[in-house]
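Q:
Protein chains: 2
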Amino acid sequence: MNEKKITLSEDEIPENWYNIVADMPNKPLPPLHPGTKEPIGPEALAPLFPMELIKQEVSQDKWIAIPDEVREVYKMWRPTPLFRASNLEKLLDTPAKIYYKYEGVSPAGSHKPNTAVPQAYYNKMEGVKKITTETGAGQWGSALSFACQHFGIDLEVYMVKISYEQKPYRKLLMNTWGADVYASPTDKTDSGRKILAGDPNSPGSLGIAISEAVERAAKDEGINYALGSVLNHVLLHQTVIGLESLKQMEKAGDYPDVVIAPFGGGSNFAGIAFPFLQHKLTENRNVRCIAVEPASCPKLTQGEFRYDFGDTVGLTPLLPMYTLGHNFVPAAIHAGGLRYHGAGVIVSQLLKDKLIEAVAVQQLECFAAGVKFANAEGILPAPEATHGIAQVIREAEEAKKEGKERTILFNLCGHGYFDMSAYQDYFEGKLQDHHLTYDELHSGLKDLDTPTI
Amino acid sequence: MNEKKITLSEDEIPENWYNIVADMPNKPLPPLHPGTKEPIGPEALAPLFPMELIKQEVSQDKWIAIPDEVREVYKMWRPTPLFRASNLEKLLDTPAKIYYKYEGVSPAGSHKPNTAVPQAYYNKMEGVKKITTETGAGQWGSALSFACQHFGIDLEVYMVKISYEQKPYRKLLMNTWGADVYASPTDKTDSGRKILAGDPNSPGSLGIAISEAVERAAKDEGINYALGSVLNHVLLHQTVIGLESLKQMEKAGDYPDVVIAPFGGGSNFAGIAFPFLQHKLTENRNVRCIAVEPASCPKLTQGEFRYDFGDTVGLTPLLPMYTLGHNFVPAAIHAGGLRYHGAGVIVSQLLKDKLIEAVAVQQLECFAAGVKFANAEGILPAPEATHGIAQVIREAEEAKKEGKERTILFNLCGHGYFDMSAYQDYFEGKLQDHHLTYDELHSGLKDLDTPTI
Numbered sequence: 001m002n003e004k005k006i007t008l009s010e011d012e013i014p015e016n017w018y019n020i021v022a023d024m025p026n027k028p029l030p031p032l033h034p035g036t037k038e039p040i041g042p043e044a045l046a047p048l049f050p051m052e053l054i055k056q057e058v059s060q061d062k063w064i065a066i067p068d069e070v071r072e073v074y075k076m077w078r079p080t081p082l083f084r085a086s087n088l089e090k091l092l093d094t095p096a097k098i099y100y101k102y103e104g105v106s107p108a109g110s111h112k113p114n115t116a117v118p119q120a121y122y123n124k125m126e127g128v129k130k131i132t133t134e135t136g137a138g139q140w141g142s143a144l145s146f147a148c149q150h151f152g153i154d155l156e157v158y159m160v161k162i163s164y165e166q167k168p169y170r171k172l173l174m175n176t177w178g179a180d181v182y183a184s185p186t187d188k189t190d191s192g193r194k195i196l197a198g199d200p201n202s203p204g205s206l207g208i209a210i211s212e213a214v215e216r217a218a219k220d221e222g223i224n225y226a227l228g229s230v231l232n233h234v235l236l237h238q239t240v241i242g243l244e245s246l247k248q249m250e251k252a253g254d255y256p257d258v259v260i261a262p263f264g265g266g267s268n269f270a271g272i273a274f275p276f277l278q279h280k281l282t283e284n285r286n287v288r289c290i291a292v293e294p295a296s297c298p299k300l301t302q303g304e305f306r307y308d309f310g311d312t313v314g315l316t317p318l319l320p321m322y323t324l325g326h327n328f329v330p331a332a333i334h335a336g337g338l339r340y341h342g343a344g345v346i347v348s349q350l351l352k353d354k355l356i357e358a359v360a361v362q363q364l365e366c367f368a369a370g371v372k373f374a375n376a377e378g379i380l381p382a383p384e385a386t387h388g389i390a391q392v393i394r395e396a397e398e399a400k401k402e403g404k405e406r407t408i409l410f411n412l413c414g415h416g417y418f419d420m421s422a423y424q425d426y427f428e429g430k431l432q433d434h435h436l437t438y439d440e441l442h443s444g445l446k447d448l449d450t451p452t453i
Numbered sequence: 001m002n003e004k005k006i007t008l009s010e011d012e013i014p015e016n017w018y019n020i021v022a023d024m025p026n027k028p029l030p031p032l033h034p035g036t037k038e039p040i041g042p043e044a045l046a047p048l049f050p051m052e053l054i055k056q057e058v059s060q061d062k063w064i065a066i067p068d069e070v071r072e073v074y075k076m077w078r079p080t081p082l083f084r085a086s087n088l089e090k091l092l093d094t095p096a097k098i099y100y101k102y103e104g105v106s107p108a109g110s111h112k113p114n115t116a117v118p119q120a121y122y123n124k125m126e127g128v129k130k131i132t133t134e135t136g137a138g139q140w141g142s143a144l145s146f147a148c149q150h151f152g153i154d155l156e157v158y159m160v161k162i163s164y165e166q167k168p169y170r171k172l173l174m175n176t177w178g179a180d181v182y183a184s185p186t187d188k189t190d191s192g193r194k195i196l197a198g199d200p201n202s203p204g205s206l207g208i209a210i211s212e213a214v215e216r217a218a219k220d221e222g223i224n225y226a227l228g229s230v231l232n233h234v235l236l237h238q239t240v241i242g243l244e245s246l247k248q249m250e251k252a253g254d255y256p257d258v259v260i261a262p263f264g265g266g267s268n269f270a271g272i273a274f275p276f277l278q279h280k281l282t283e284n285r286n287v288r289c290i291a292v293e294p295a296s297c298p299k300l301t302q303g304e305f306r307y308d309f310g311d312t313v314g315l316t317p318l319l320p321m322y323t324l325g326h327n328f329v330p331a332a333i334h335a336g337g338l339r340y341h342g343a344g345v346i347v348s349q350l351l352k353d354k355l356i357e358a359v360a361v362q363q364l365e366c367f368a369a370g371v372k373f374a375n376a377e378g379i380l381p382a383p384e385a386t387h388g389i390a391q392v393i394r395e396a397e398e399a400k401k402e403g404k405e406r407t408i409l410f411n412l413c414g415h416g417y418f419d420m421s422a423y424q425d426y427f428e429g430k431l432q433d434h435h436l437t438y439d440e441l442h443s444g445l446k447d448l449d450t451p452t453i
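As they're listed, the protein sequences go chains A and B.
Here the first sequence is numbered in the numbering used here, starting from 1 and rising by one per residue.
Here the second sequence is numbered in the numbering used here, starting from 1 and rising by one per residue.
Structural data, given as structure tokens:
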């Protein structure tokens with residue numbers, strides 16, 4: 001009998017995170033002050049983040065030690081299994097070998113706790129009693145709720161109002177882990193009130209929720225802020241995924257030709273891809289890393305590489321990124337975690353330097369891929385994860401056409417048990433693809449006055 | 001660093017199931033024909049089950065080989081992890097050592113696929129194209145949907161109407177895996193029509209749904225029936241849980257003083273307890289095995305040991321069991337999987353012979369235990385599973401009072417991600433305990449005319 005899954009023991013949980021900045025040929029450009037538009041140093045981030053995370057944010061060290069206390073919590077679900085998708089291979093009748101790393105075994109059901117835990121830990125170490133954050137579909141909010149609960153920190157979550165209403169169970173999961181959850185925009189912040197004044201029925205957006213959470217933390221010395229993607233330290237923490245996968249692929253006696261992951265802000269993609277990309281950067285090894293974004297929010301494939309804000313109101317530093325403009329409003333697709341106007345700084349630079357690839361996929365193809373996967377492999381993927389699977393199937397079919405083997409690895413970043421309403425809509429034929437018009441695509445870019453690069 | 005979880009490799013998946021009948025001092029009494037009330041032989045089951053399962057149902061062999069094809073599918077989630085509940089121990093400040101086997105990592109999120117897979121497999125081997133079954137909360141229905149999908153068998157699920165309406169996502173999961181799901185009672189069967197004639201708004205019950213599924217299979221030669229608990233072969237298949245746990249406890253250098261599991265029909269309890277109970281039966285080893293039932297459906301602690309039907313209408317053979325009477329209607333508690341009037345034959349005999357223990361717990365204590373567990377260990381347990389946890393906490397507190405170590409093992413049979421509405425009701429204070437009146441308790445027994453023992 002062949003091995004279906006390759007597992008690791010707890011002492012094989014990585015001891016260091018991998019910081020790809022050390023190996024990048026072109027380092028990321030510095031962030032700029034939102035007002036003066038001058039480069040800022042790490043100290044500008046101090047009102048929001050604990051010093052250890054700020055150091056990681058600007059570090060150029062290749063390896064950063066994972067604290068024992070964090071590895072201890074990782075053990076609750078790590079190392080995660082790497083599966084051979086043998087049933088999917090059969091179903092597709094492809095010569096491709098398909099592997100997937102499954103992050104859905106974590107308490108919150110996705111890869112997000114990988115960074116939520118160290119973020120809560122470093123805040124705890126520096127005496128922080130309360131954190132604010134935003135969440136879209138709720139994956140990040142529930143991961144941070146779990147982590148804050150573990151370390152005894154209070155958490156305030158600004159949840160995009162439309163998700164708050166559509167996903168009461170995600171909210172309830174956060175409550176179970178002790179977090180306070182508010183439907184954003186709220187009347188608790190200037191940012192929220194400003195949006196509500198313009199549109200009392202605003203359904204909210206990730207950008208607005210970030211503005212609210214950042215404002216709250218910036219105005220109160222005792223409160224810090226935490227972000228679930230985009231930033232360098234977040235991507236760093238997620239590299240445990242790829243580092244474990246490296247060992248597991250080695251155990252399987254294999255190495256991927258292609259590494260695939262869905263793309264929202266970059267942490268999911270970075271998590272699995274960077275440890276492999278390392279070999280491309282340092283040994284010129286031929287490995288393709290593909291970020292898959294929704295066609296309705298195509299910052300990587302159709303955005304502009306320039307400075308932009310991370311939030312809607314313009315409170316965050318300006319970051320050099322692929323962006324559709326911080327005022328871009330993505331269509332209400334079910335992959336809430338991918339509805340973000342920008343991309344992380346590191347991933348943006350790598351794409352600019354053509355070291356990684358990006359593709360955009362429509363949601364009907366994604367859901368069809370998700371159902372195919374559930375039938376073959378038994379796991380119902382989160383809507384975000386189906387984007388990766390859609391591209392995996394494209395690659396597997398291409399391999400079939402060519403009649404050549406191809407080894408594919410992808411990150412199954414989470415299960416879809418809290419997203420059943422999305423599948424219901426899909427089965428009932430209520431979903432459609434969203435083809436952006438020229439005007440829609442440029443809605444956020446045309447009046448953008450942030451610095452170009 | 002201590003190990004948080006003890007894992008096994010795929011080649012440590014058991015090669016045999018353990019059949020406790022071989023070691024029982026008093027073998028179970030024979031089933032009786034529902035009409036003649038005479039003992040029946042295995043051939044009477046042939047219209048419903050494939051011959052291999054019937055052989056297992058009556059086997060006295062101690063070990064029954066697990067087919068390679070079944071072990072191959074088990075690898076999709078087995079071996080499951082055994083966790084040390086170190087955070088819960090800290091929270092309870094107890095000298096007890098607490099371990100839990102986590103079955104929620106299966107595709108359907110519970111222990112049910114352990115038997116769904118071999119049942120579908122044996123049907124497939126004997127050329128069966130279609131199976132019927134019933135489901136309450138939906139754990140069993142979704143497990144069998146997954147298994148039938150894997151082996152290419154059509155599945156018709158009779159889902160208790162009130163659950164069908166309250167748990168649309170469980171239904172959707174079954175649909176995703178290709179099953180047809182009907183709200184029972186239906187007008188597709190005589191049994192269903194009979195119930196609807198008496199009460200057009202009947203919310204249904206597990207007993208009624210079994211009647212419908214059995215009738216459908218009995219009347220059509222091409223269709224077989226499958227049951228998710230109670231029967232000997234179902235309990236047999238679940239022993240993979242305990243057999244793996246044995247190896248894992250050995251790796252941890254420990255052995256349980258107490259083994260605990262929730263009790264519906266018996267498969268969950270049997271699964272984890274029988275391989276340990278084996279040592280009590282054959283080596284006189286001192287291990288307490290405790291079945292935990294809901295106080296609102298207390299067949300083990302307050303039922304009668306006598307012959308009774310497995311279904312409401314009276315189509316199944318009469319089985320010697322602890323029962324509240326096949327007409328007993330349990331209160332609408334959220335642990336749908338435990339709302340069954342009877343207990344499996346083997347477990348009933350073991351309880352009669354005082355080889356196992358049983359306790360009944362009210363639901364508020366269970367949900368409080370579930371939330372405590374989620375906060376400590378990160379996993380939100382299914383309402384069924386919280387019954388086990390409530391008893392674990394009682395044992396741990398007793399150990400604390402005595403100031404003595406005690407090693408506790410329990411079966412965390414599934415996660416609660418499809419049961420969030422139950423937690424919502426709990427948090428909103430909508431749930432209450434249900435203290436059965438004398439009349440309620442005897443409602444199903446007082447006019448029962450099945451043979452006594």
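Glycine is no exception: its CB is placed at the ideal position from the N, C-alpha and C atoms.
#1: Pull up the distance between the alpha-carbon of A/Asp190 and that of A/Asp311, whole angstroms please.
#2: Using the Cα positions of A/Gly388 and A/Asp419, report the straight-line distance between them to the nearest angstrom.
#3: I'd like the span of the beta strand (DSSP E) that includes B/Asp308, first residue to last.
#4: Taking CB distances under 9 Å as the criterion, tell me whether B/Ala295 reaches chain D.
#5: Rounding to the nearest angstrom, what Cα-Cα distance links A/Thr7 and A/Ser86 in this structure?
#6: To the nearest whole angstrom, what separates the beta carbons of A/Ser184 and A/Val160, a pair I think is in contact under 8 Å?
#7: Would you call the segment 290-300 of chain B and the segment 253-269 of chain B in contact, with 3 or more CB pairs under 8 Å?
#8: Of the choices B/Leu48, B/Glu377, B/Leu364, B/Lys372, whose alpha-carbon is the least far from that of B/Glu221?
#9: My guess is that B/Gly264 and B/Tyr340 are in contact by the Cβ rule of under 8 Å, so how many angstroms apart are they, rounded?
#10: Taking the alpha-carbon positions, what's the A/Phe427 to A/Trp140 distance?
#11: Report the rounded CA-to-CA distance for A/Asn375 versus A/Glu365, giving the unit in angstroms.
#12: Mind checking who B/Lys97 pairs with in its DSSP beta bridge?
#13: Under 9 Å, CB to CB, which of the residues in the segment 125-157 of chain A have a partner in chain B?
#14: If the cut is a Cβ gap below 9 Å, which residues of chain A does B/Pro107 touch?
#15: Do you know how far the Cα of A/Met125 is from the Cα of A/Val230?
#16: Quick one: what's got a C-beta closer than 7 Å to A/Met1's C-beta in the same chain, skipping five residues either side?
#17: Based on the DSSP output, what are the partners of A/Asn224 in its beta bridges?
#18: Is it true that the CB of A/Ile241 sits closer than 9 Å to the CB of A/Ile272?
#19: Using a beta-carbon distance cut-off of less than 8 Å, what residues from the segment 174-193 of chain A approach chain B?
#20: Look up A/Asp154 in the DSSP assignment and say whether it is helix, strand or coil.
#21: Please work out which residues of its chain come closer than 8 Å, Cβ to Cβ, to B/Pro67, disregarding the five sequence neighbours upstream and downstream, and give them in chain order.
#22: Thinking C-beta only, is A/Ala368 closer than 9 Å to A/Ala390?
#23: Taking Cβ-Cβ distances below 9 Å as the criterion, which residues of the segment 397-428 of chain B are in contact with chain A?
#24: List, in chain order, every chain B residue whose beta-carbon is nearer than 8 Å to that of A/Lys75.
#25: Would a C-beta distance cut-off of 9 Å place A/Gln363 and A/Pro320 closer than the cut-off?
#26: Residues of chain A with CB under 8 Å from B/Tyr121, in chain order?
#27: Mind checking B/Ile408: buried by the 16 CB within 10 Å criterion, or exposed?
#28: When you compare only the Cα positions, how much space is there between A/Ile131 and B/Ala399?
#29: Listing by chain order, which chain B residues have their CB less than 7 Å from the CB of A/Glu12?
#30: When burial is assigned at 16 or more other CB atoms within 10 Å of the CB, is A/His326 buried or exposed?
#31: Run the CB neighbour count on B/Gln60, radius 10 Å, all protein chains shown included, and call it buried at 16 or more, exposed below.
#32: Let me know the secondary structure DSSP gives A/Thr282 once reduced to three states.
#33: Between B/Thr133 and the rest of its own chain, which residues show a CB-CB distance below 8 Å, the 5 nearest in sequence each way excluded?
#34: Measure how close the beta-carbons of A/Ala331 and A/His434 come, nearest whole angstrom, since I'm counting them as under 8 Å.
#35: Alpha carbon to alpha carbon, how far is B/Thr80 from B/Glu215?
#36: Chain B partners of A/Ser9, CB-CB under 9 Å?
A: So, to answer that:
#1: Here residue 190 of chain A refers to the residue found at position 190 of the first sequence. Here residue 311 of chain A refers to the residue found at position 311 of the first sequence. Cα to Cα, A/Asp190 sits roughly 14 Å from A/Asp311.
#2: Against the first sequence, residue 388 of chain A aligns to sequence position 388. Against the first sequence, residue 419 of chain A aligns to sequence position 419. Looking at the two C-alpha atoms, the distance is approximately 17 Å.
#3: As a first step, residue 308 of chain B must be located in the second sequence, where it is residue number 308. Residues 304-309.
#4: Reference to chain D is not applicable here, since the protein chains of this structure are A and B.
#5: Taking the first sequence and counting its residues from 1, one reaches residue 7 of chain A at position 7. Taking the first sequence and counting its residues from 1, one reaches residue 86 of chain A at position 86. Distance between the alpha carbons of A/Thr7 and A/Ser86 is about 16 Å.
#6: For the purposes of this step, residue 184 of chain A is identified with residue 184 of the first sequence, where counting begins at 1. For the purposes of this step, residue 160 of chain A is identified with residue 160 of the first sequence, where counting begins at 1. Indeed they touch by this definition, with Cβ atoms about 6 Å apart.
#7: yes
#8: Taking the second sequence and counting its residues from 1, the one referred to as residue 221 of chain B is at position 221. Answer by Cα proximity: B/Leu48.
#9: Your numbering for residue 264 of chain B matches position 264 in the second sequence. Your numbering for residue 340 of chain B matches position 340 in the second sequence. Confirmed, Cβ separation roughly 5 Å.
#10: By one-based count along the first sequence, residue 427 of chain A stands at place 427. By one-based count along the first sequence, residue 140 of chain A stands at place 140. Approximately 26 Å between the Cα atoms of the pair.
#11: Against the first sequence, residue 375 of chain A aligns to sequence position 375. Against the first sequence, residue 365 of chain A aligns to sequence position 365. Looking at the two C-alpha atoms, the distance is approximately 16 Å.
#12: Start at 1 with the first residue of the second sequence, and residue 97 of chain B comes out as number 97. Partner(s): B/Thr407.
#13: Phe146, Gln149, His150
#14: On the second sequence, position 107 is the one that residue 107 of chain B refers to. Neighbours of B/Pro107 on chain A, chain order: Ala374, Glu377, Gly378, Ile379, Leu380.
#15: Indexing the first sequence from 1 puts residue 230 of chain A at position 230. Indexing the first sequence from 1 puts residue 125 of chain A at position 125. Approximately 23 Å, taken between the alpha carbons.
#16: The residue you call residue 1 of chain A lines up with position 1 of the first sequence. Caution is warranted here: a pLDDT of 47 is assigned to A/Met1, below 50, making its placement in the model unreliable, and the coordinate value is therefore given only provisionally. Here the set comprises nothing.
#17: One-based indexing of the first sequence puts residue 224 of chain A at position 224. Paired residue(s): A/Ile131.
#18: Within the first sequence, numbered from 1, the residue matching residue 272 of chain A stands at position 272. Within the first sequence, numbered from 1, the residue matching residue 241 of chain A stands at position 241. Going by C-beta atoms, A/Ile272 is nearer than 9 Å to A/Ile241.
#19: Asn175, Thr176, Trp177, Gly178
#20: Indexing the first sequence from 1 puts residue 154 of chain A at position 154. Three-state result, A/Asp154: strand.
#21: If you number the second sequence from 1, residue 67 of chain B lands on position 67. Cβ neighbours of B/Pro67 beyond the five flanking positions: Pro118, Tyr121.
#22: As a first step, residue 390 of chain A must be located in the first sequence, where it is residue number 390. As a first step, residue 368 of chain A must be located in the first sequence, where it is residue number 368. Result yes, Cβ atoms of A/Ala390 and A/Ala368 sit closer than 9 Å.
#23: His415, Tyr417, Phe418, Met420, Ser421, Tyr423, Gln424, Phe427
#24: As a working mapping, residue 75 of chain A is identified with position 75 in the first sequence. Within chain B, the residues near A/Lys75 are Met1, Glu3, Lys4, Lys5.
#25: Taking the first sequence and counting its residues from 1, one reaches residue 363 of chain A at position 363. Taking the first sequence and counting its residues from 1, one reaches residue 320 of chain A at position 320. It is not a contact, given that the beta carbons lie outside the stated cut-off.
#26: For the purposes of this step, residue 121 of chain B is taken as residue 121 along the second sequence, with counting starting at 1. The premise fails here: B/Tyr121 is roughly 15 Å from chain A at the closest Cβ pair, so nothing lies under 8 Å.
#27: By 1-based counting over the second sequence, the position of residue 408 of chain B is 408. Flag for B/Ile408 reads buried.
#28: Within the first sequence, numbered from 1, the residue matching residue 131 of chain A stands at position 131. Within the second sequence, numbered from 1, the residue matching residue 399 of chain B stands at position 399. If I take the Cα positions, the gap works out to 37 Å.
#29: To locate residue 12 of chain A, count along the first sequence from 1; it is residue 12. Per Cβ cutoff of 7 Å: no residues; A/Glu12 is ~11 Å from chain B at best.
#30: For the purposes of this step, residue 326 of chain A is taken as residue 326 along the first sequence, with counting starting at 1. A/His326 comes out buried.
#31: Here residue 60 of chain B is taken as the residue at index 60 of the second sequence, counted from 1. Label assigned to B/Gln60: exposed.
#32: For the purposes of this step, residue 282 of chain A is taken as residue 282 along the first sequence, with counting starting at 1. It is helical.
#33: Along the second sequence, read from residue 1 onward, the residue named residue 133 of chain B stands at position 133. Only Trp140, Gly141, Leu144, Leu155, Glu156, Val157, Tyr158, Ala213, Tyr225, Ala226, Leu227, Gly228 meet the Cβ criterion.
#34: Taking the first residue of the first sequence as 1, we reach residue 331 of chain A at position 331. Taking the first residue of the first sequence as 1, we reach residue 434 of chain A at position 434. Rounded, the Cβ-Cβ distance is 5 Å, consistent with contact.
#35: As a first step, residue 80 of chain B must be located in the second sequence, where it is residue number 80. As a first step, residue 215 of chain B must be located in the second sequence, where it is residue number 215. About 36 Å.
#36: For the purposes of this step, residue 9 of chain A is taken as residue 9 along the first sequence, with counting starting at 1. Near A/Ser9 (Cβ distances below 9 Å), the residues of chain B are Glu3, Thr7.
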